[in-house]
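Asks: Just dropping this structure here.
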Amino acid sequence: MTATLPIPHLVRDQPVIVIHGVTKTYTMGDQTVHALKGIDCTIERGEMVAIMGPSGSGKSTLMNVIGCLDVSSAGSYELDGVSVGALNDDQLADIRSGKIGFVFQSFNLLARTSALDNVQLPLVYAGVKDRKPRAMEALTRVGLGDRVHHKPNELSGGQQQRVAIARAIVNRPAILLADEPTGALDSRTSEEIMALFQSLNKDDGMTVIFVTHEKDIGHHTGRIIHIRDGAVQADERVMHPLVAADILRDLDRAAAEAEAAEEAAV
Amino acid sequence: MRMRQNLGIAWDGIRANKLRSSLTMLGMIIGVAAVIVLMSIGTGTQASITSRISSLGSNLVFVRPGGAPIQGGVRQAQGSAGSLTFEDAQVLAAPGAVPGALAVAPETATRQQLVAGNLNTNTNIRGVDEAYLDVRNYEMAEGEFFTATQLSTRALVVVLGSNTAATLFPEGDAVGKNLRINRLQFRVVGTLVSKGGSGFGNEDDVAMVPITTSLTRLSQQRTNQGQRSVSTINIKAENDKSVGLIKESVAAILRERHRLQGEDDFTVTSQEDTLATLNQVTGVMTAFLGSIAGISLLVGGIGIMNIMLVSVTERTREIGIRKAVGAKRRDILAQFLVEATMMSLVGGGLGLGIGILISRLVNGMQLNNQPLQTVVSPDIAILSVTVSAAVGLFFGIYPAVQASKLNPIQALRYE
Ligand SMILES: Nc1ncnc2c1ncn2[C@@H]1O[C@H](COP(=O)(O)OP(=O)(O)OP(=O)(O)O)[C@@H](O)[C@H]1O
Ligand SMILES: [Mg+2]
């Protein structure tokens, strides 16, 4: 995980995401569900942010709006200085292709298609010619360099998660959005994903926003936005974010010591 | 996105969904092949009947005993009335009697056993005169046809059709040999060139004897008045325009000779009439085969539709994923258009190939002792391929057009 991706070209001195009064309403028959009830928030370039909140509070809905995958019912959303609400379908596709990497809560990989081909997909639509090395690089970075020809149904949940992350970063997006990227993983693997995200954020300058249920995971970021019932409940600053690489090193050392102790006992 | 990329994506899609792709193509293959095979049998039968009728000769008028067919009713069995006499034929044959007639050839027909050594066959024995050969387009293969002397002396001579000759004289040395018909000994004086073809009233399954011999020594058929009866009077017209006139004057002469007041006791038909009647019959058959073929095409089409619609949810999700990672609407449309076109081309092409292959295999196959003839008509081939390709294209592309309008999340949530 040492390869570094070049810093994406961005306009400086301007928040990358400015959300104002965003709502999302679903109508099902005579019933209306207010998934988002007026969200305000600003995210700076290069920030790493966690979104937390109870199930059904609207986290995924918000992520979808930020990721330009879904449109809000009302409110304004500016991404990189561009007002997203005014864009047409093709322009949104360009943004998704050029600026955003999205990791779905349910992975959403193409079935019957190898990990390598799944990861190449964004490159195809971005018109990149030399796709294979780029896809291999992304897969290696998520630690799946040896599973590239497996299809999603031949991979574990955690491995599928990594393929989804590789697909999200392969286009070197300015913003990485991940909906519960550690939901399916044990704590050790979750820590590895956090190390990857921190590296993408620090070394590659990506703005990273992810949803999590776990406080520990949230504390790997400098900022936690708490959502409840479709509204921002609290915007918490984390003074001393956990450093995943350190935790991993400690875990390794502890494991090595335990092993040594065991050997000594024998 | 360039064409090559679209081809690549579409090809990956087909390969990733092998079962779905092959089922779709199977629908096309079955539909197209069924139409081509069935229609080729229909057209082939029609063609073989047409060629058979025209092999009888050209511009022919046939006079047969028996009344005209009653519309929608039962027709008097032709030939059973025995109302047509040898004398009728002689009158018609008199020079200038029938304007526009080139030749008049009466004919008697019986079925009898021919015995040559230890071989025998039951065949059609025709009593004919010198004019017959030319009128009915026969050619001699070996030997000579009957001479005037043989005709006037009621000689016991016979000319064999190619099939009959082959059956009785497998060595191929029929001419000069003797055979027995009705306990009489006949000498074979010649054999006929095969007319080819097969099926009803095989033109090569015959034996010909002088009509005088037939009338006196073989068939004892007499009319009610005790006159010698013939089964057909063949008249060759100068050209196709004189056919109508000949029909009229022949009918007038015979009505006069038979002193008829009401209904005719003979029928005058032209080759065209026969062809038209038979074409009507084969037309019904072809239409019947055509509707079966149409049903196959429909079933194939419904198969394609089913597969496509069943996979719409999965495909819609796939479209959602593709759009989520940056695909534009036109990328999606191009992918599905190319994919559906590829499958239609391959499915339609395979169906075409298999259909033509089966038609070839079926050609000449015996069905009820009649060899089937098949003719693949390009119109039908193009039509069936077009229809199945259109179904494939429509059901391949239409859901994709719909899904490409959704935003990624809507598409991913589609059920
Ligand atoms: N397509 C939809 N139609 C109707 N209601 C919807 C739809 N999508 C989401 N909702 C509703 O919006 C609310 C927010 O859903 P959302 O998926 O954003 O929650 P979440 O915070 O991501 O929850 P979880 O932690 O379980 O993933 C829920 O009440 C949900 O029922
Ligand atoms: Mg969610």
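Those protein sequences? They're chains S and H, same order as listed. All letters in the first sequence, in the order written, are residues 7 to 272 by our numbering. All letters in the second sequence, in the order written, are residues -7 to 407 by our numbering. Beta carbons: idealized from backbone N, C-alpha and C, even for Gly. Since the structure is predicted, the reported quantities are computational estimates derived from the model, not experimental observations.
1. Enumerated in chain order, which unbroken segments of the alpha helix (DSSP H) with a length of 4 residues or greater are wholly contained in the segment 362 to 405 of chain H?
2. With a CB to CB cut of under 8 angstroms and the five nearest residues on each side skipped, what residues in its chain are close to S223 (chain H)?
3. Taking the alpha helix (DSSP H) that D222 (chain S) belongs to, which residues open and close that run?
4. Check whether the Cβ of D123 (chain S) lies closer than 8 angstroms to any Cβ atom in chain H.
5. Quick one: grab the DSSP three-state call for T156 (chain H).
6. Along the segment 308 to 327 of chain H, what residues have a CB closer than 9 angstroms to any CB found in chain B?
7. Taking S79 (chain S) as the reference, give the member of S:G52, S:A170, S:G27, S:D100 with the closest Cα.
8. When you check each C-beta in the segment 74 to 98 of chain S against every C-beta of chain H, which residues fall closer than 9 angstroms?
9. If we require 3 or more residues per run, which beta strand (DSSP E) segments fall completely within the segment 183 to 245 of chain S?
10. I want to verify the contact list: residues of chain H whose CB lies under 8 angstroms from the CB of R102 (chain S), in sequence order.
11. Should S66 (chain S) be listed as close to ligand 2, given that the test is whether its C-beta is under 7 angstroms from any heavy atom?
12. DSSP three-state call for M142 (chain S): helix, strand or coil?
13. Just checking: is the beta-carbon of L301 (chain H) within a distance shorter than 8 angstroms of some beta-carbon in chain S?
14. Starting from the beta carbon of A8 (chain H), find every residue of chain S whose beta carbon is closer than 7 angstroms, and list them in chain order.
15. Find out if the Cβ-Cβ distance for the pair V217 (chain S), D185 (chain S) is shorter than 8 angstroms.
16. In chain order, what residues of the same chain lie with their CB nearer than 8 angstroms to the CB of I278 (chain H), ignoring the 5 residues before and after it?
17. Exposed or buried, Q365 (chain H), counting other C-beta atoms within 10 Å across all chains shown (16 or more means buried)?
18. Consult DSSP for V181 (chain H) and reduce its assignment to one of helix, strand or coil.
19. What did DSSP end up calling D46 (chain S) once you bin it into helix, strand or coil?
20. For a contact meaning CB atoms closer than 7 angstroms, what does Q(-3) (chain H) contact in chain S?
21. If you drop the 5 nearest sequence neighbours on each side, which residues of the same chain put their C-beta closer than 8 angstroms to that of S144 (chain H)?
22. Just to confirm my understanding: we take M335 (chain H), look at its own chain, exclude 5 residues before and 5 after, and list those with CB closer than 8 angstroms. What are they?
23. Do we get a CB-CB distance below 8 angstroms when we pair L404 (chain H) with the residues of chain S?
24. Quick one: list the residues of chain H neighbouring R173 (chain S), beta-carbon separation under 7 angstroms, in chain order.
25. So which residues of chain H does N159 (chain S) contact, with C-beta pairs closer than 7 angstroms?
26. Which residue from H:K228, H:N9, H:V291, H:S396 puts its Cα closest to that of L116 (chain S)?
27. Secondary structure at Q70 (chain H), three-state DSSP: helix, strand or coil?
28. Check whether the segment 39 to 50 of chain H and the segment 258 to 270 of chain H touch, using three or more Cβ-Cβ pairs below 8 angstroms as the test.
29. Going by Cα to Cα distance, which pick from S:H246, S:Q165, S:K157 is closest to G228 (chain S)?
30. How many angstroms separate the CA atom of A240 (chain S) from the CA atom of T333 (chain H)?
31. Can you have a look at F280 (chain H) and say buried or exposed, based on whether 16 or more other CB atoms are within 10 angstroms of its CB?
32. Nearest-angstrom Cα distance between V151 (chain H) and F54 (chain H)?
33. Return the residue from the list H:D80, H:K187, H:L(-1), H:R(-4) that minimises the CA-CA distance to S46 (chain H).
34. On the DSSP bridge assignment, give the partners of Q452 (chain H) in chain order.
35. If we define contact as Cβ-Cβ less than 8 angstroms, is V29 (chain H) a contact residue for chain S?
Replies: In terms of the structure at hand:
1. Counting whole runs of 4 or more residues, the segment 362 to 405 of chain H contains the alpha helix (DSSP H) stretches 370 to 396, 400 to 405.
2. So the qualifying residues of the chain are R56, P57, G71, L76, E99, T100, A101.
3. Per DSSP, D222 (chain S) belongs to the alpha helix (DSSP H) from 221 to 224.
4. Output row for D123 (chain S): interface = yes.
5. In the structure shown, the three-state DSSP call for T156 (chain H) is helix.
6. No chain B appears in this structure, whose protein chains are S and H.
7. S79 (chain S) has its Cα closest to that of S:G27, out of S:G52, S:A170, S:G27, S:D100.
8. Residues passing the 9 angstroms Cβ filter: C74, L75, D76, V77, D95, D96, L98.
9. Listed in chain order, they are 213 to 217, 229 to 234, 237 to 243.
10. Neighbours of R102 (chain S) on chain H, chain order: K315, A316, V317, G318, P400.
11. Distances taken from the Cβ of S66 (chain S) to the heavy atoms of ligand 2 include one shorter than 7 angstroms.
12. DSSP places M142 (chain S) in helix when its eight states are reduced to three.
13. Not an interface residue.
14. Those are R118, T119, listed as they occur along chain S.
15. For the 8 angstroms CB-CB criterion, V217 (chain S) and D185 (chain S) form a contact.
16. The question names Ile, yet the displayed sequence has Thr at residue 278 (chain H). So the qualifying residues of the chain are M31, G34, T35, T37, Q38.
17. Buried.
18. It is a strand residue.
19. Assigned with DSSP and collapsed to three states, D46 (chain S) falls in strand.
20. The answer, in chain order, is V130.
21. Cβ contact annotation for S144 (chain H) (same chain, cutoff 8 angstroms, sequence separation greater than five): T204, in chain order.
22. For M335 (chain H), where only same-chain residues beyond five positions count, the Cβ hits under 8 angstroms are I6, S13, T16, M17, M20, G384, G388.
23. Yes - at least one Cβ of chain S is within 8 angstroms of the one on L404 (chain H).
24. Those within 7 angstroms of R173 (chain S) in chain H are V317.
25. Contact annotation for N159 (chain S) against chain H: no contact, minimum CB-CB distance about 12 angstroms [criterion: below 7 angstroms].
26. The candidate whose alpha carbon is nearest that of L116 (chain S) is H:N9.
27. Because the pLDDT at Q70 (chain H) is just 44, under 50, the model does not fix this residue reliably, and the value given afterwards should be weighed accordingly. The DSSP-derived three-state label of Q70 (chain H) is coil.
28. Remark: three or more beta-carbon pairs, one from each stretch, lie closer than 8 angstroms, so the segment 39 to 50 of chain H and the segment 258 to 270 of chain H are flagged as touching.
29. Among S:H246, S:Q165, S:K157, the Cα nearest to that of G228 (chain S) belongs to S:H246.
30. Between the C-alpha atoms of A240 (chain S) and T333 (chain H) there is a straight-line separation of about 54 angstroms.
31. Exposed, since its Cβ has fewer than 16 Cβ neighbours within 10 Å.
32. Near 22 angstroms, if we compare the C-alpha coordinates of F54 (chain H) and V151 (chain H).
33. Taking only the C-alpha atoms, the option nearest S46 (chain H) is H:K187.
34. No answer is possible for residue 452 (chain H): it lies beyond the span of chain H, which begins at -7 and ends at 407.
35. Answer no: the Cβ-Cβ gap between V29 (chain H) and chain S never drops below 8 angstroms.
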